[in-house]
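Participant: Quick one: structure below, then a few questions.
Residue numbers (my numbering): 3 to 255.
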């Protein structure tokens, strides 16, 4: 099947022979978004971009990654205008707050039934993240692309069947998405492939970790490491996703 522009990243991820092609994509997208927010193109200086980042904010994880990225001025500009917005919202919440009562006004009064209005506002802020939001939108498109290729491209399907499977987190997402992307016959074929694929690769990781433990036995000090040297980070990735051994992603400047 002829490769299309929108299928290239997913094919590249599968060809990388990683423990999970969606982890591979997730890392690339996240790094692209960090570059967009803080990189040499100086997107943080554009009023429309900062309006979006001010509104969405960033989660704790991505604030940490933004700090690690290393652009002090960029982070300062983002924080400067985001603080202005947050203080304005906070004052509105405070002005309508009645201890022990429902707020008579405020940005999140619809979500406060049975709870504290200020707590609800803070929870909403903690849920919102510019990078997470954009990643989730892009991720959904890659899920669509996966099932398109699964149905249309025999070579892609063979690579998946013969590959290393997926981390459990992204495998769960695939299973959820399959219900709306595949018909009954396609679902049967999908799971006939996926279950043995996941079992085989979970067993492979389990064996790699088990052999790493055995290598610490003095009787095995001269034995071959086999595939166990990086078994800890691969084993963690297989269970939860991500790349535990990655260094922080930093600005290229």
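All C-beta atoms in this analysis are idealised placements derived from N, C-alpha and C, irrespective of residue type, glycine included.
If you draw a straight line from the alpha carbon of residue 22 to that of residue 81, how long is it in whole angstroms?
Facilitator: 34 Å
Participant: Go ahead and pull the three-state DSSP assignment for residue 127.
Facilitator: helix
Participant: Measuring only the C-alpha atoms, how far is residue 242 from residue 186?
Facilitator: 29 Å
Participant: Tell me whether residue 250 sits in a helix, a strand or coil according to DSSP, three-state version.
Facilitator: coil
Participant: I'd like to check one pair, residue 233 with residue 248: are the Cβ atoms closer than 8 Å?
Facilitator: Result no, Cβ atoms of residue 248 and residue 233 do not sit closer than 8 Å.
Participant: Just checking, does the stretch 45–56 make contact with the stretch 76–91 on the three C-beta pairs under 8 Å criterion?
Facilitator: yes
Participant: Is residue 34 helix, strand or coil when you go by DSSP?
Facilitator: Correct three-state label for residue 34: helix.
Participant: Measuring CA to CA, which of 127, 12, 99 is closest to residue 85?
Facilitator: Looking at the Cα atoms, 127 is the closest of the given residues.
Participant: Residue 14: which of 147, 207, 192, 129 sits nearest, CA to CA?
Facilitator: 147
Participant: Can you tell me whether residue 134 is helix, strand or coil according to DSSP?
Facilitator: helix
Participant: In this structure, does DSSP put residue 77 in helix, strand or coil?
Facilitator: helix
Participant: Do residue 51 and residue 45 have their CB atoms nearer than 8 Å?
Facilitator: yes
Participant: Please check the pair residue 19 and residue 165, which I expect to be a contact at CB under 8 Å, by giving their CB distance rounded to whole angstroms.
Facilitator: 7 Å
Participant: Taking just the CA atoms, how far does residue 92 sit from residue 67?
Facilitator: 26 Å
Participant: For residue 107 and residue 89, I'd like the C-alpha separation in whole angstroms.
Facilitator: Residue placement at residue 107 is poorly supported in this model, since its pLDDT is 46, which falls under 50; the coordinates still yield a value, given next. Their Cα atoms are separated by approximately 16 Å.
Participant: Going by the beta-carbon positions, is the gap between residue 167 and residue 189 smaller than 8 Å?
Facilitator: no
Participant: Can you list, in chain order, the residues of its chain with a C-beta nearer than 8 Å to that of residue 137? Leave out the 5 residues immediately preceding and following it.
Facilitator: 28, 31, 32, 35
Participant: Among 196, 192, 239, 193, which one has its Cα closest to the Cα of residue 208?
Facilitator: 239
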